[in-house]
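> Can you keep this structure in mind? I'll have questions shortly.
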Amino acid sequence: MKKIVIAIDGHSSCGKSTMAKALAREVGYIYVDTGAMYRAVTLFALRQGLFNADGTVKATELEQLMPQVEVSFKLDEQSKLPLVHLNGECVENEIRGLEVSLHVSPVAALPFVRAAMTAQQQRMGRDKGIVMDGRDIGTVVFPDAELKIFVTASAEVRAQRRYDELKAKGQEVDYDDILKNVQERDYIDSHREVAPLRQADDAVLLDNSDMTIAEQQQWLMAQFAKHTSWVPYIEQALAAVPYPKKPEGLYEPIEYVLSMGGKRLRPTLLLMTYGLYKDDINHATPAAVGIETYHNHTLLHDDLMDHADMRRGKPTVHKKWNDNTAVLSGDTMLIMAFRHIMQCQCQHQAEALDLFARTAQEICEGQQYDVNFETRTDVTEDEYIEMIRLKTSVLLACATKMGALLAGAPETDAEVLYRFAERVGLAFQLQDDYLDVYGDPAVFGKKIGGDILCGKKTYLLINAYQRADEATKAQLLTLIDNNSMEAETKIKAVTDIYNALDIPALTRAAINRFYDEAHNELHKLSLPESQWSVLWNYATSLLGRNK
652 MKKIVIAIDG HSSCGKSTMA KALAREVGYI YVDTGAMYRA VTLFALRQGL FNADGTVKAT
712 ELEQLMPQVE VSFKLDEQSK LPLVHLNGEC VENEIRGLEV SLHVSPVAAL PFVRAAMTAQ
772 QQRMGRDKGI VMDGRDIGTV VFPDAELKIF VTASAEVRAQ RRYDELKAKG QEVDYDDILK
832 NVQERDYIDS HREVAPLRQA DDAVLLDNSD MTIAEQQQWL MAQFAKHTSW VPYIEQALAA
892 VPYPKKPEGL YEPIEYVLSM GGKRLRPTLL LMTYGLYKDD INHATPAAVG IETYHNHTLL
952 HDDLMDHADM RRGKPTVHKK WNDNTAVLSG DTMLIMAFRH IMQCQCQHQA EALDLFARTA
1012 QEICEGQQYD VNFETRTDVT EDEYIEMIRL KTSVLLACAT KMGALLAGAP ETDAEVLYRF
1072 AERVGLAFQL QDDYLDVYGD PAVFGKKIGG DILCGKKTYL LINAYQRADE ATKAQLLTLI
1132 DNNSMEAETK IKAVTDIYNA LDIPALTRAA INRFYDEAHN ELHKLSLPES QWSVLWNYAT
1192 SLLGRNK
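Counting in my numbering, the sequence shown runs from 652 upward without gaps.
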């Protein structure tokens, strides 16, 4: 998995350190609190008596003593958090006191102090995989950071947070004094001559005035997922596939459908899982291309069977060409998928191919079940779950396990990863069912109520049939079969029945249950959580599509 530099800047007392620490812990990165480094220098200056009576710094004397200042971070074994050390002494609590807060701005504004700290910070970030927070990380220290975040909140909110923090540590403080300090600090930080506080042009803004810590962390994880996506890499690999020139009618549709884009979930899972065990991702890339080629093969045939006119905003292959082309090009993509996987110069290639063949057969079984369900009103929840497991989940599970197999992971790990992705796939499909009725169309990317209008069997509909009394079931059947009713009226009427039967809560509970089961599986891996947490974070980002 590729690593990046995450630069978090923002105003004082806006929670940068808290969120940066949590983010680093979640994604397995190294955390560096750069603000704490300047606080440590300030503490050094206070101890040396380098402040005048009016609060100004004795800059000349401090500059002469700067070679004696060594700021470092050491991991606390209990909290698993880095603690700030000044010349080998832990000063984590002392640097958070009000006296340091009152004196840190003039120290941090000194060019020679900033130069010394910047040099040390840049050395820390050479290998990437690091989270730094401060006031000029994205503008000065790491102007090329892949992910830049600027955090702010109202002065009153920040003063209250600082007040609560210090009171919890047993310090006697006054809120008005802290508010005044926050406001003065904002002015000094924004108007200093060297590296003034400002939002980098390409930084993402986060105003956390009204956000809980959990909401902030969820937002951060969404940003992390966006900036560590494998999608550009996968798109490049797909575009690099050579195709025969003739016959044009066979290969042009394949290039067309693979160029449409998409989330690329399956190749992403394959590469992420491979990366848990080995770094030579290029060896697994042909398999990732094969998995995505196969997935699009299924879409080609699905569109034909469903008589769909559009796919990702473009005409489907059978509409742009014809039905025969969709069949032939789709069949060719299946063959190409096998050939791509066979190109992998990795261990356990035979096992990977067998897994893929079994999965392709299971997906056909799932598709047939789906067809059978179209004329039934007595489909049970268990039958529906098995259908979506075969039709949707097994390919996610195949991709995830294949990455582990090709990397030579322990057999038990490969099985755990299969079950993990299978549960994620079930949750993902149920969420898709849920969002079709209750999602925000601007976020979901589709019109709401499409499944209702076409009478598609979903988790919501089959449970509504199961829960409804005879009269309500008859009403629901009439609504679903009525193709002449105005769309909005039909969607509202069916949704009202869902609400009355508590179907939304039932569906959300099932989604959460499958995600919990997926998370529990990951704990069975031979790898430490710091390694597999990246995979879990990606899975949870899939669940957060409708925020």
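The beta carbon of each residue, even a glycine, is placed where N, CA and C say it ideally should be.
(1) For T1043, tell me which candidate among T1026, Q1080, T1063 has the shortest Cα-Cα distance.
(2) Determine contact between the region 779-796 and the region 678-695, defined as no fewer than three beta-carbon pairs at a distance below 8 Å.
(3) Could you tell me the alpha carbon to alpha carbon distance between L753 and A1190, rounded to whole angstroms?
(4) On the criterion of 16 or more Cβ atoms from any shown chain inside 10 Å, does R777 qualify as buried, or is it exposed?
(5) Should N975 go down as buried or exposed, given a rule of 16 or more other Cβ atoms within 10 Å for buried?
(6) Count the other C-beta atoms from every protein chain shown that fall within 10 angstroms of the C-beta of S756, then say buried if there are 16 or more, exposed otherwise.
(7) Tell me the rounded alpha-carbon separation between L1041 and A959.
(8) Please confirm whether R962 has its beta-carbon closer than 7 Å to some beta-carbon of chain C.
(9) State the Cα-Cα distance for the pair G706 and T693, rounded to the nearest angstrom.
(10) In whole angstroms, what separates the C-alpha of T1123 from that of D957?
(11) Taking Cβ to Cβ, would you say L713 is nearer than 7 Å to A696?
(12) DSSP has K965 in a bridge; who is on the other side?
(13) Given this structure, state the Cα-to-Cα distance separating V855 from C665, to the nearest angstrom.
(14) Just the Cα atoms here: how many angstroms apart are E835 and H842?
(15) In whole angstroms, give me the CA-to-CA distance for L1176 and T1063.
(16) Please report the distance separating the alpha-carbon of I992 from that of G941.
(17) What's the C-alpha gap between I659 and E1032?
(18) What distance in whole Å lies between the Cβ atoms of L1046 and Y925, which are believed to be in contact at a cut-off of 8 Å?
(19) Where does C741 land, buried or exposed, given buried means 16+ other C-beta within 10 angstroms?
(20) Check whether the Cβ atoms of H662 and T803 sit closer than 7 Å, and answer yes or no.
(21) Can you have a look at K1198 and say buried or exposed, based on whether 16 or more other CB atoms are within 10 angstroms of its CB?
(22) Taking E844 as the reference, which of T1146, Y814, P1155, P762 has the closest Cα?
(23) Starting from K1143, follow the alpha helix (DSSP H) in both directions and report where the run begins and ends.
(24) In angstroms with no decimal places, state the Cα-to-Cα distance between V792 and D815.
(25) For a test of the three-state rule: what should DSSP assign to E740, helix, strand or coil?
(26) For the region 912-982, which segments carrying the alpha helix (DSSP H) assignment without a break, of at least 4 residues, lie completely within its bounds, in sequence order?
(27) Return the bridge partner residues of T803 from the DSSP annotation.
(28) How close, in whole Å, do the beta carbons of A1161 and Y1110 come, if the pair is a contact with beta carbons under 8 Å?
(29) Going by Cα to Cα distance, which pick from E903, L732, R786 is closest to P895?
(30) By alpha-carbon positions, which one of T1158, A1138, M1136, F1007 ends up nearest to L1112?
(31) Let me know the secondary structure DSSP gives A1060 once reduced to three states.
(32) Alpha carbon to alpha carbon, how far is K725 from D787? Give it in angstroms, no decimals.
(33) For the alpha helix (DSSP H) containing M688, name the first residue and the last one.
Judging by the given coordinates:
(1) Q1080
(2) yes
(3) 44 Å
(4) exposed
(5) exposed
(6) buried
(7) 22 Å
(8) The chain inventory of the structure shown lacks chain C, comprising one protein chain alone.
(9) 12 Å
(10) 29 Å
(11) yes
(12) R962
(13) 15 Å
(14) 11 Å
(15) 8 Å
(16) 6 Å
(17) 46 Å
(18) In fact, because the Cβ distance is near 17 Å, the residues do not count as touching under 8 Å.
(19) exposed
(20) yes
(21) Confidence is the limiting factor: at K1198 the pLDDT is only 37, short of 50, which leaves the residue's position unreliable and the question unanswerable from this model.
(22) P762
(23) 1138-1151
(24) 31 Å
(25) strand
(26) 916-928, 936-957, 968-971
(27) D858
(28) 7 Å
(29) E903
(30) T1158
(31) coil
(32) 23 Å
(33) 685-698
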